[in-house]
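For reference, the structure discussed in these notes is given below.
Protein chains: 2
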Amino acid sequence: MPGKDRDPKIPFGKAVRFFRNAAGLSQERLASSARVHRTYIGDVERGTKNISLESMVRIAHALDVPLSRLIAEMEKSRS
Amino acid sequence: MPGKDRDPKIPFGKAVRFFRNAAGLSQERLASSARVHRTYIGDVERGTKNISLESMVRIAHALDVPLSRLIAEMEKSRS
Numbered sequence: 001m002p003g004k005d006r007d008p009k010i011p012f013g014k015a016v017r018f019f020r021n022a023a024g025l026s027q028e029r030l031a032s033s034a035r036v037h038r039t040y041i042g043d044v045e046r047g048t049k050n051i052s053l054e055s056m057v058r059i060a061h062a063l064d065v066p067l068s069r070l071i072a073e074m075e076k077s078r079s
Numbered sequence: 001m002p003g004k005d006r007d008p009k010i011p012f013g014k015a016v017r018f019f020r021n022a023a024g025l026s027q028e029r030l031a032s033s034a035r036v037h038r039t040y041i042g043d044v045e046r047g048t049k050n051i052s053l054e055s056m057v058r059i060a061h062a063l064d065v066p067l068s069r070l071i072a073e074m075e076k077s078r079s
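Each protein sequence line maps, in turn, to chains A and B.
Numbering follows the working numbering, in which position 34 of the first sequence is assigned residue number 34; successive positions increment by one, without gaps.
Numbering follows the working numbering, in which position 67 of the second sequence is assigned residue number 67; successive positions increment by one, without gaps.
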């Protein structure tokens with residue numbers, strides 16, 4: 001499948017931004033709700049963080065979407 | 001939702017084992033195909049690794065399943 005081996009951090013960051021905007025949350029509000037550092041969400045959205053499963057689960061939870069949906073959104077922009 | 005904040009590494013590891021068995025692959029074969037260390041898959045399946053997005057994508061690719069499906073399987077055993 002095309003794009004399967006490309007860096008997933010960029011499309012993952014785009015998916016986080018997509019759902020954060022859909023929820024009408026600022027980066028600061030999302031960070032606080034996900035219990036991560038204030039600047040962390042910006043780094044994730046720019047694709048500069050090699051995010052761990054645990055942080056991904058916390059961010060998805062704070063966005064109130066299943067992580068599988070966040071990943072499916074990431075896969076859409078990778079294919 | 002129940003279980004949303006529990007450690008996701010254990011159910012993620014179970015999901016990896018589920019799809020690896022379904023594909024009829026040994027841990028060694030999966031490790032080689034995913035370009036990770038031989039012992040890494042065992043650690044992931046036991047839930048002792050805080051796996052990164054990039055490693056998750058490589059393992060899903062080697063299992064020939066979308067990462068979103070692997071995560072959906074993880075979510076099944078967490079809810």
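Quick reminder that beta carbons are idealized off the backbone N, C-alpha and C, glycines included.
Range covered by the alpha helix (DSSP H) that runs through residue i
{"i": "VAL36/A", "result": "Where VAL36/A is concerned, there is no enclosing alpha helix (DSSP H), given that its DSSP letter is neither H nor E."}
{"i": "ARG17/B", "result": "9-22"}
{"i": "LEU63/A", "result": "53-63"}
{"i": "ARG82/A", "result": "Residue coverage of chain A in this structure runs from 1 to 79, which leaves residue 82/A outside it and unanswerable."}
Rounded C-alpha distance that separates residue i from residue j
{"i": "PHE19/A", "j": "GLN27/A", "result": "11 angstroms"}
{"i": "LYS76/A", "j": "ARG38/B", "result": "31 angstroms"}
{"i": "LEU25/A", "j": "GLY24/B", "result": "44 angstroms"}
{"i": "ALA7/A", "j": "GLU54/B", "result": "Just to set this straight, residue 7/A is Asp in the shown sequence, not Ala. Near 7 angstroms, if we compare the C-alpha coordinates of GLU54/B and ASP7/A."}
{"i": "TYR40/A", "j": "ALA31/A", "result": "7 angstroms"}
{"i": "ARG17/B", "j": "ILE59/B", "result": "11 angstroms"}
{"i": "PRO14/A", "j": "LEU67/A", "result": "For the sequence presented, residue 14/A should be read as Lys rather than Pro. Straight-line Cα distance between these residues: approximately 14 angstroms."}
{"i": "PRO2/B", "j": "HIS61/A", "result": "The pLDDT assigned to PRO2/B is 44, lower than 50, so where the model puts this residue is not dependable; a value taken from the coordinates is nonetheless given after this. Going from the Cα of PRO2/B to the Cα of HIS61/A covers about 11 angstroms."}
{"i": "ALA34/B", "j": "VAL57/A", "result": "23 angstroms"}
{"i": "GLY42/B", "j": "ARG46/A", "result": "32 angstroms"}
{"i": "VAL36/B", "j": "ASN21/B", "result": "18 angstroms"}
{"i": "ARG29/A", "j": "ARG29/B", "result": "43 angstroms"}
{"i": "ILE71/B", "j": "ALA72/A", "result": "10 angstroms"}
Candidates the options, of which the one nearest residue i by Cα
{"i": "LYS9/A", "options": "VAL44/A, ALA31/A, ARG35/A", "result": "VAL44/A"}
{"i": "PRO11/A", "options": "VAL57/A, ASN50/A, PRO66/A", "result": "ASN50/A"}
{"i": "THR48/A", "options": "SER52/B, THR48/B, ARG46/B", "result": "SER52/B"}
{"i": "MET74/B", "options": "MET74/A, GLU73/A, ARG69/A", "result": "ARG69/A"}
Residue i in three-state terms, based on DSSP
{"i": "SER26/B", "result": "coil"}
{"i": "ARG6/A", "result": "coil"}
Residue i beta carbon near the ligand MG (any heavy atom closer than 8 angstroms)
{"i": "ARG69/A", "result": "As far as ligands go, the structure on display features none, and thus does not contain the ligand MG."}
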